[in-house]
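Worksheet: one structure, shown below.
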Amino acid sequence: MQSVLMRLESCSFCLKKRLSNWAGLLRRDGKLLVETRCTIYSETGRWEKDYRAETRKRVEQWWQPKIKEQSRCASETDKTKSKFYILSMFPYPSGKLHLGHVRVYTICDTIAHFQRMRGKQVLNPMGWDAFGLPAENAAIERGLDPEEWTKSNITHMRKQLHSLSLCFDWEQEVTTCQPDYYIWTQYLFIKLYEAGLAYQKEALVNWDPVDQTVLADEQVDERGYSWRSGARVEQKYLKQWFIKTTNYAKPLLDALADLPKWYGVKRMQANWIGECTGCYFDFQLKVDGKDTGEKLSAYTFKPEAVYGASYLSILPSHRLLHGNSDLKKVLLKDFKSGRDSLTSLTAENLLTGQEIPVVISAKPEFEGYLDTKIALEGIPTVNIEDASVAKNLGLQCLEVIEALPDGTEKLINSGEFTGLDRTEAFNAITTQARNKRVGGYLTSSKLRDWLISRQRYWGTPIPIIHCQSCGTVPVPLEHLPVLLPKVASFSGKGASPLTTTLDWLNCTCPKCKGPARRETDTMDTFVDSAWYYFRYTDPHNTERPFDRGLADHWMPVDLYIGGKEHAVMHLYYARFLGHFCSNQNMVKHREPFYKLLVQGLIKGQTFQLAGTGQYLKRDDVDFTGGSEPTHAGTKEKLEITWEKMSKSKHNGMDPEEVVAQYGIDTVRLYILYAAPPEQDILWDVKTDAIPGVLRWQARLWALVTKLISVRDAGTVPNPDLLSIKEKAEAKKIWGNKNHALTQHCKVTIHFTEDFLLNAAISRLMGLSNTLSQASQRVILHSAEFEDGLAALCIMVAPMAPHLASELWKGLSLVQNKLVSRYHWDDDVLLQVWPDVDPEYLQQPDMVEIAVRINNKACGTVSMPQQVAKNAEKVRELVLQSDLGIKHLKGYTIKKSFLSPRTALINFLIEE
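Here it is, written out as structure tokens:
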């Protein structure tokens, strides 16, 4: 009676308080009808029978703020819990989210919810990769300050992320264009400089004539065009800042072996680095025995034979023969095209003290070397071609390796290393070179140092001061940050605003206190994103980039999620900074990311005119002519492809519009179900997964509706009243629920190991199908149905949190519960992730075999794991099962096929 009174009171409350929810007046057949807008149990205490669009909207509106608060509370520091750091690659604030953003953040949010339900303390931060060319170009186009433009975009995109109910730890938010962030980017640059890893040299660079800046090699496509502006890239000599990432090539290559599967990215990283079998040695260049002030690094495959070097070789395209080099005249005087040219320039090896001549090679490029700017040591004793060049030029050929009768080799004529075998010498010579900071770091012949200079305004200022007396001087740490100056306007023409802002440009040298000038290049944005994962662990620290204790607690990132297009550059630079910070004792872990999950693109259909390549809007396409769309005006046939969504290609979808049409949970489930994360999704709502996802949500709602209605009929549930057949039905539900959680089915494994969330959803759909087939008496009297439905709601919750939260509230409404293992008074995201019942594990391992008849699915049959690969046994057990008796008895079976890869058997019968 009390229950009935409470519901009557709730309904009365609803009528009084929800008058504003009248949907309006409808006129049908001349009659005036009044229709009230549906509301939900969480508000009214009354369960709606059907899951309609209006119900979905009310569910999401109600649960959005509550889910965010739950995740915030669950993420508060609790050192009794084990940590889980999940990180999605932070976005550039372009002003509007696209579906690619929605995909990566949905995957991230889903796994974060799951890990919280497993009792983990979760860090799931968000921030903004806010410096860079796009903002500056947008400011130029609109006559705005890049900072103003960027901040407005961040505000809008943050609002969009909130509207998608994504539960990021916003207290950890970072923005790379804010001084409280880039002060520490500058700090790390100075640490690199002090370690000898940041240096400036004149180099032949890729110049983008449209964006008026240098591009890294990776930012130029195979046709020679800029990745951003699309302009043909020019070659130009400029003095640039580099980070000596080549010094870390071997550790970065070797560390890949300790990382788990990275979806092919490990192989891409290894190929990018190359085989680290040689090293560079530093040389001091001299003319007539006098130092020129110019140093040159030269590569050799055989460091142990360094004392046998006869000459140092460069190509005619080398920077010393071009640009502003003071040595250009000296080299060109001796250069003879088409021949190896011995020059009067010499090079002193800073490790051995030996002085050898510089030779300009007759070759246009060095075979096996991708870098045409490289210098090589010519060592005749280990290379026949080097011996030929030395002989032709009349150069000394010193033997430094002696073969012994036992087949081993040792060094001769090699100073203090004489007498060592080749392996010992290799290690000793490279070690000493590293200790003296004159080279010796193992690297490949193709890897280049990281060019970080950008000749644009909107970036982190490089904290260097140029003094005529003292040379290059780093800004003292206590004077950081070097702030970007405010500038009056952005014309996009001529020099960077930093070169013309004289009150900022002119400064005092920290050493001699004389007049000096600031460095006007800014850093590439990849520097900002190379360490942001550290800052997330301690984003408000004003004393250092991050506290080591916090970084050591959270690092490494347990799961890093982002696009495969960042597999080489960003991941390589981030790994480099991780190794560097570890070497500086700033953090314990070298590798910043443990597991990596790369997600594919969401592609839209494009329509192009064959002749011009022009992309058409869908409004300009005629679809009425059957299977071949044509131009609506000219009827010309079109080229139809699937490409990455883009405004310029008119194939994009606005996430806000999609969510408004289908709802947050539907979009989440679609993104997770349409394809495995690493595969591309082709967005086509007519044929893709959206209809199936919508039906599944309605089916989940119907299951809770059915349990509520059956249990509220007045009959007290009693498992003893079930018949033998009904008990078998209940046991099947129990088995199906447990099977979803076992290693064979791997719903939990899909959340922790392979991240095939589409497969997890398929398994949960199978469980919901089993529950849907339950009879009224099993629903009423079995604990198994109630338990299975509760476990299903919990497992759905990370993927569709709003729907699952309301379903759980509906379950809490059920009278006379038979299951006590759940905390019914707590919301679903606060439940503990279910585990397999111990008694299920004591049974023979069971597997669900999907049964098809003439290629049509008709159900599943459980059987022991040990017979699941035996075609005859599986056939026999299926024929003996209820499903087999129902569907196959009396038919002639022509053949049966057991799949070797999946748990599936197909019967071909005569019909």
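Under numbering that gives the first Met the number 0, the letters of the sequence shown match residues 0 to 910, in that order. Don't be surprised by glycine CBs; every beta carbon is placed ideally from N, CA and C. These numbers come from a predicted model, not from an experiment.
Using a C-beta cut-off of 8 Å, the region 441 to 460 makes contact with the region 268 to 288, since at least three inter-stretch Cβ pairs fall below that distance. Here the alpha carbons of S343 and F282 stand approximately 15 Å from one another. Shortest Cα-Cα distance from Q63 to any of A803, K888, Y839 involves A803.
E170 counts as exposed, since fewer than 16 other beta carbons sit within 10 angstroms of its beta carbon.
Within the region 644 to 718, not a single complete beta strand (DSSP E) segment reaches 3 residues in length.
Distances from the CA of G734 to each of E635, Q841, L720 were compared; the closest alpha carbon is that of Q841. Residue burial is scored here from C-beta neighbours: Q830 has at least 16 other C-beta atoms within 10 angstroms and is therefore classed as buried.
Put simply, the backbone Cα of P475 is about 19 Å away from that of D502. In the three-state DSSP reduction, L600 falls in the coil class, being neither helix nor strand. For R851, the enclosing beta strand (DSSP E) begins and ends at 845 to 852. Where C107 is concerned, the enclosing alpha helix (DSSP H) starts and stops at 98 to 116. The beta carbons of T175 and W127 sit about 7 Å from each other, so the pair counts as a contact at 8 Å.
The beta carbons of P514 and V472 sit no closer together than 8 Å. The alpha helix (DSSP H) runs lying completely inside the region 718 to 751 and spanning 4 residues or more are 723 to 738, 746 to 751, given in chain order. By the criterion of a C-beta distance shorter than 6 Å, A550 is surrounded in its chain by F533, T536, V586, once the five residues flanking it on both sides are discounted. Judged by beta-carbon spacing, V846 lies within the 8 Å limit of A902, meaning their Cβ atoms are closer than that value. C580 sits in a helix when the DSSP states are folded into three classes. Closest in C-alpha terms to R698, from the list L766, Q395, A727, comes L766. Rounded to the nearest angstrom, the gap between the Cα atoms of F906 and T665 is 35 Å. For S340, the CB contacts under 6 Å within the same chain, skipping 5 residues up- and downstream, are D333, F334, I359 in chain order.
Rounded to the nearest whole angstrom, the C-alpha separation of A215 and G352 is 34 Å. Under the DSSP assignment, D168 falls in the beta strand (DSSP E) whose first and last residues are 168 to 174. In the structure shown, T769 adopts helical secondary structure according to DSSP, grouped into three states. Taking the Cβ atoms as the reference, L595 lies roughly 15 Å from W271, outside the contact range of under 8 Å. A contact is defined here as three or more CB-CB pairs under 8 Å, and the region 556 to 572 meets this definition with respect to the region 79 to 97. Taking the CA atoms as reference points, T105 sits about 35 Å from R222.
About 12 Å separates the CB atoms of T859 and V873; that is not less than 8 Å, and the two are not in contact.
Counting the other Cβ atoms within 10 Å of the Cβ of H317 gives 16 or more, which makes it buried. In the structure shown, the three-state DSSP call for I400 is strand. Per DSSP, the unbroken alpha helix (DSSP H) holding D385 starts and ends at 383 to 392.
With fewer than 16 other CB atoms across the displayed protein chains lying within 10 angstroms of its CB, G406 is exposed.
Distance between L419 and L284, taken at the CA atoms: about 30 Å. Excluding sequence positions up to five before and after L397, its CB lies within less than 6 Å of the CB of G307, N412, all in the same chain and listed in chain order. Assigned with DSSP and collapsed to three states, A197 falls in strand. I355 has its alpha-carbon roughly 6 Å from the corresponding atom of E347.
In this chain, the beta strand (DSSP E) harbouring P356 covers 354 to 359.
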